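Taken in sequence, the protein lines are chains W and E. FYI, this note's numbering numbers position 39 of the first sequence as 53, with every residue one higher than the one before it. FYI, this note's numbering numbers position 248 of the second sequence as 273, with every residue one higher than the one before it. Worksheet for the structure shown next.
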Amino acid sequence: MAKKYDFKASELPISPMTLTTTLENPTGGWRSFKPVIKNKTAPCTATCPTKVLIPHFIDSLVKGDLDMAANLLHRNNPFPSITGRLCHAPCELPCNRGKYDEPISIKQLERFVGDYYLDRKGKPPRRETGKRVAIVGGGLAGMSAAYYLRSKGHEVVIYDRNPNLGGYLRYYVPEYRLPLAVLDAEVGALERMGVKFVLNTEVGRDIGFEELKEKYDAVILAHGSSIPYTPDFPGVDLLKSGWDLMKEVREGARPKVSGKVAVLGNGYTAFEVARVLRRLGADPFVVYPTAKIRIPFSDREIFTLAEEEGVKFFFAKVPLKADRRDGKVILTVAEWDGKAVVPATEREMEFEEVFLAYEGTADHGFLPDTIRSNGTLKADRRSGETPLEGVFVAGESVSGPSPVVNVIYSGRSVAAAVDAYLRGRTYTPENMPEVVGYERIVTDYFPKAPRVPEMRLSPAERIHSLTREEVLGYTQELAMKEAERCFNCGFCNACGNCYVFCPDYTIKWVHGRPKVDYEYCKGCGVCSEECPRGVIDMVKEREF
Amino acid sequence: MKLIEKSQYTVLKGNYAVAYGVKLARVEVISAYPITPQTTISEKLADMTATGELKARFITVESEHSAISAVIASSLAGARSFTATASQGLALMHEMLHWATGARAPVVMVNVNRALAPSWNIWTEQTDSLAQRDTGWLQIYNESNQEVLDTTILAFKIAERVYLPTMVVLDAFILSHTSEPVEIYPQELVDEFLPPYEHPNAINFDDPRAIGAFARPDYYMEFRYNIQKAHEEALRVFKEETELFAEMFGRKYDTVEEFMLDDADYVLVLAGSTATTAKYAVAQLRERGEKVGVMRIKLFRPFPVEDVRRVLSGRKKVAVIDRNLSFGHSGIFYMETKAAMYGAKDRPPIFGYVAGLGGRDIRPQDIIDIYEDMKRREEPENIIWKGVRV
């Protein structure tokens, strides 16, 4: 029998070595915690009403793949060029980077990517389902729903009483805030996708609701809240309409207004009407029902812009009476404590003109009683389902006046519900993955860098033009610089840190991404500690 | 050798002489952690790598343990690798010193002799390097800055022939921070002397292997036997390479240096820069007619037993002057010299002196005092303290 070990010293290699492989020792069995590479999300995405994949699209931007960035962005927001101008950007508030130096300028990055891809957006779907959907109202909610339903292969027809799509954005929002060219490009994208428009056609007047229901597999009501609210106090009929003023100005008219004017309102429209008046040469005062600190976050940006431009405010006041004397309007206002008028606070003020600029309300007159109740619609907030089969509601027609991004989300979620309905499936709202908080960010990997300011006009420049866009955004160079600041919280951007740091080479690089080899991973946790963006969790193998 | 004419003389501190030696050796990977009095070596090398003067990777690390680990790995990956340290840094490397030998990584390290703490002291003393005696590293001690540069080049040649890590040792401040004229050889000549480095078991991605395998009692001993054989071989290689070096560069080194020994009855044995002082003192003693000489130990591991016996046998008395101490026994060179002489014919009595610990100056008069003390004594003693206040 041969000896088991018969090497002589002279037969040994110089260095003691293993020639076969250490793979025979599957050290994964030593593990009590295992690293799991997770798809998480960032506070920005979690906060965004329509859940834009922010860390994802910014990563593509950093890597120079602008087409991919646009693609990722459009997944949950079809109109980034619109939100990039009009959104109140709630995403930037909880940005983890804000706890480190300054939050990422997400809105401007979104606008940059949206504008970059704007003229190429909109491809017809690869497959047609043969199902037909009518959308009542071609405002933002209808457009959003149309975008997603059409991309799913359904035939989509939008009915709108106006000569073109866009609703409030087209006929009221001023050119300096949203250029018509941008809106036209967004409508063009829908056209390229094959969405059909039936314009100058009002449902309930030119075509009946029942007829639509019969002709289509599903109907989405997205008629918005387009009827300006008019408060009820003596002399209200003496006042002018701020809505009409915005509309005229949008159409190119430049009515003469000068001197002290007042704007009565309770939201975005009031601030915007005041700004239009400022540009027309007047000295506007906004009479606003709440205290300054109670202006909702969604109106903060427009309020700041107005304030910068010299618009003045009477806060926590409501109008009680209006009168016309010697060509002037005498407005009686009083303190408002949020519930009632404070006694003995009435005071008269003299203005050249007073404009009504309250937010709109919905007109559901053309709809059957079965889905109406107390002036609102019976509909699920998320899926838009109503008691009528195949009839859904989206946007401000059910929610009332809302920020653009909420309207876009409504269109998107209702489109998903309609798609499920048309395919005979049950609609399930999307789940939000775990949010990565600041404590999981390894800030050592991120040098401090201030937020890159976007180009914008100064207040003095702004008040001289009703057409020149007030915010100019980023150049590509600025956008890239800002994008590089992003922590990409919760999104594995294949930085390779785990791969580099794994002491046992058990993190493999597969198709450009890390993959844990659990056969050998001992669960040391170095990868999880070193992941700059909190993607890798250490998960207990089983209960001790 | 005609090429030598292209050499240039420059004034260099010992640490810079190391750096130029490393550069001439075309080292490919350097990793080091700063520690006084070594720091200027790594700073100079970092500078050279940064400017591209030396085409190498400089790996910055958080400790000496990592520095030596990095260069062991790079050496096994097939790159000529270098590190430098001193004192506490060397002590921290201890585990990996054994590793380098066991894995047969021919790393070259410069250790600048510095006393160990506490009490904290940055001055020269040999205990740090001598305490690493049994780690299997070759150890070569130096007397001048020129010798430092030459030995750095030689160290790579020897290390890479026997696949053993090699430590080049110089004295803190006396050499490391003192300027002397140093000849820097032309690169072509050094290239001719020192061919590119290859390791037979180098990491090869096409033929993967893990260095540092497990060896059971069945053949662990054979690996150890091979290391001992390599050390024995190193002694021969040292002789060959110093011969070749002398031919090519005109400077002759040997395992031990003999100074005024031809007719000497008394021999002073020491290592490092103190030898210069001793030579100066011996020259004075010679003028007085004293028959005394110096044997400087250059190669400490492998220990040149034959050469030591040849030089010391038949003398009347030998004094070993140690700037180091193995607590509980004696000076380490003394211990080694005595052990080498055990069983030799005509063995002289050997006296152990300990002097200059923690960088205390050893002046020519101290050497003369030691010589006279040795001459006076009849019985050898293990430790005769020189200059300690008791």
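Even glycine gets a Cβ: it sits at the ideal position worked out from N, Cα and C. Quick caveat, the model's predicted, so the values are computed rather than measured.
Give me the residue from the options with the minimum Cα distance to residue i.
{"i": "R14/W", "options": "I28/W, E410/W and D251/W", "result": "Any question about residue 14/W goes unanswered here, given that chain W covers just 15 to 558."}
{"i": "D371/E", "options": "N407/E, N349/E and R334/E", "result": "R334/E"}
{"i": "S240/W", "options": "L471/W, G42/W, R206/W and G374/W", "result": "G374/W"}
{"i": "P30/W", "options": "R234/E, E312/E and A300/E", "result": "R234/E"}
{"i": "E205/W", "options": "R219/W, A160/W and P245/W", "result": "A160/W"}
{"i": "A430/W", "options": "K274/W, Y162/W and T61/W", "result": "Y162/W"}
{"i": "R514/W", "options": "L192/W, S158/W and C541/W", "result": "Correcting the residue type first, residue 514/W is Val in the shown sequence and not Arg. Among L192/W, S158/W and C541/W, the Cα nearest to that of V514/W belongs to C541/W."}
{"i": "P357/W", "options": "L334/W, G341/W and F365/W", "result": "L334/W"}
{"i": "H123/E", "options": "L189/E, A271/E, D398/E and N138/E", "result": "L189/E"}
{"i": "H70/W", "options": "E124/W, H102/W, F93/W and D458/W", "result": "E124/W"}
{"i": "V379/E", "options": "R186/E, L293/E, E185/E and T191/E", "result": "L293/E"}
{"i": "E172/E", "options": "L324/E, L350/E and G353/E", "result": "L324/E"}
{"i": "E555/W", "options": "G548/W, G537/W, E543/W and R547/W", "result": "G537/W"}
{"i": "D564/W", "options": "V196/W, A336/W, R293/W and E321/W", "result": "Chain W is shown only over 15 to 558; residue 564/W falls outside these bounds and no answer can be derived."}
{"i": "G377/E", "options": "A364/E, G368/E, A369/E and E268/E", "result": "A364/E"}
{"i": "L179/E", "options": "S154/E, E168/E, R241/E and V193/E", "result": "V193/E"}
{"i": "Y222/E", "options": "A140/E, I66/E and V187/E", "result": "V187/E"}
{"i": "V466/W", "options": "E315/W, G487/W and E453/W", "result": "G487/W"}
How would you write the range of the alpha helix (DSSP H) that residue i sits in, first residue to last?
{"i": "V21/E", "result": "A query on residue 21/E cannot be resolved here, the shown segment of chain E reaching from 26 to 415 and no further."}
{"i": "S94/E", "result": "E89 to L101"}
{"i": "N85/W", "result": "L80 to N90"}
{"i": "Q63/E", "result": "Per DSSP, Q63/E belongs to no alpha helix (DSSP H) and is neither H nor E."}
{"i": "A232/W", "result": "Unbroken run through A232/W is the beta strand (DSSP E), A232 to L235; no alpha helix (DSSP H)."}
{"i": "P94/W", "result": "P94 to L100"}
{"i": "A61/W", "result": "The sequence shown places Thr at residue 61/W, rather than the Ala named in the question. P57 to T61 is the extent of the alpha helix (DSSP H) around T61/W."}
{"i": "L291/W", "result": "Y282 to L294"}
{"i": "G128/W", "result": "I120 to Y131"}
Note down the Cα distance separating residue i from residue j, rounded to an integer number of angstroms.
{"i": "T97/W", "j": "Q490/W", "result": "18 Å"}
{"i": "P49/W", "j": "N507/W", "result": "17 Å"}
{"i": "K270/W", "j": "L291/W", "result": "9 Å"}
{"i": "T283/W", "j": "K353/W", "result": "22 Å"}
{"i": "E224/W", "j": "F311/W", "result": "40 Å"}
{"i": "D383/W", "j": "F329/W", "result": "39 Å"}
{"i": "F358/E", "j": "T299/E", "result": "13 Å"}
{"i": "L4/W", "j": "V368/W", "result": "Nothing in the structure corresponds to residue 4/W, since chain W is present only between 15 and 558."}
{"i": "A348/W", "j": "K52/W", "result": "56 Å"}
{"i": "V66/W", "j": "K274/W", "result": "43 Å"}
{"i": "A267/W", "j": "S74/W", "result": "43 Å"}
{"i": "Q390/E", "j": "P206/E", "result": "26 Å"}
{"i": "T481/W", "j": "L259/W", "result": "15 Å"}
{"i": "V343/E", "j": "Q253/E", "result": "29 Å"}
{"i": "D313/W", "j": "D198/W", "result": "25 Å"}
{"i": "V277/W", "j": "E360/W", "result": "18 Å"}
{"i": "E189/W", "j": "V485/W", "result": "12 Å"}
{"i": "D174/W", "j": "G153/W", "result": "8 Å"}
The ligand SAM and residue i: does any heavy atom of the ligand fall closer than 6 Å to the residue's C-beta?
{"i": "Q122/W", "result": "Only the bare structure without any ligand can be found here, which leaves the ligand SAM out of the picture."}
Would you give the residue range spanned by the beta strand (DSSP E) that residue i belongs to?
{"i": "P206/E", "result": "S204 to I209"}
{"i": "D347/E", "result": "K342 to D347"}
{"i": "I178/E", "result": "From DSSP, I178/E is part of no beta strand (DSSP E) but of the alpha helix (DSSP H) over N170 to V187."}
{"i": "E282/E", "result": "V281 to F284"}
{"i": "T110/E", "result": "S106 to T110"}
{"i": "Y166/E", "result": "L163 to Y166"}
{"i": "E349/W", "result": "K342 to E349"}
{"i": "R82/E", "result": "R82 to T85"}
{"i": "V209/W", "result": "Unbroken run through V209/W: none, as it is neither H nor E."}
Fully enclosed by the stretch 468-547 of chain W, which alpha helix (DSSP H) runs are 4 residues long or longer? 473-476, 490-497, 511-515 and 540-544
When the Cβ atoms of the stretch 138-151 of chain E are set against those of the stretch 379-387 of chain E, are three or more pairs found closer than 8 Å? yes
Length at least 4, wholly inside the stretch 357-393 of chain W: the alpha helix (DSSP H) runs in chain order: none
Please give me, in chain order, every unbroken run of the beta strand (DSSP E) with length at least 3 that falls completely inside the stretch 136-198 of chain W. 146-150 and 169-173
Just checking, does the stretch 115-129 of chain E make contact with the stretch 45-57 of chain E on the three C-beta pairs under 8 Å criterion? no
Check whether the stretch 249-267 of chain W touches the stretch 184-191 of chain W, taking contact to mean three or more Cβ pairs, one atom from each stretch, closer than 8 Å. yes
Completely contained alpha helix (DSSP H) runs for the stretch 384-448 of chain W, where each covers 4 or more residues: 410-413 and 418-436
Residue ranges of each alpha helix (DSSP H) run of no fewer than 4 residues wholly in the stretch 273-339 of chain E, ordered along the chain? 299-312 and 330-337
Check whether the stretch 84-104 of chain E touches the stretch 155-167 of chain E, taking contact to mean three or more Cβ pairs, one atom from each stretch, closer than 8 Å. no
For the stretch 62-77 of chain E against the stretch 133-141 of chain E, are there 3 or more C-beta pairs whose distance is under 8 Å? yes
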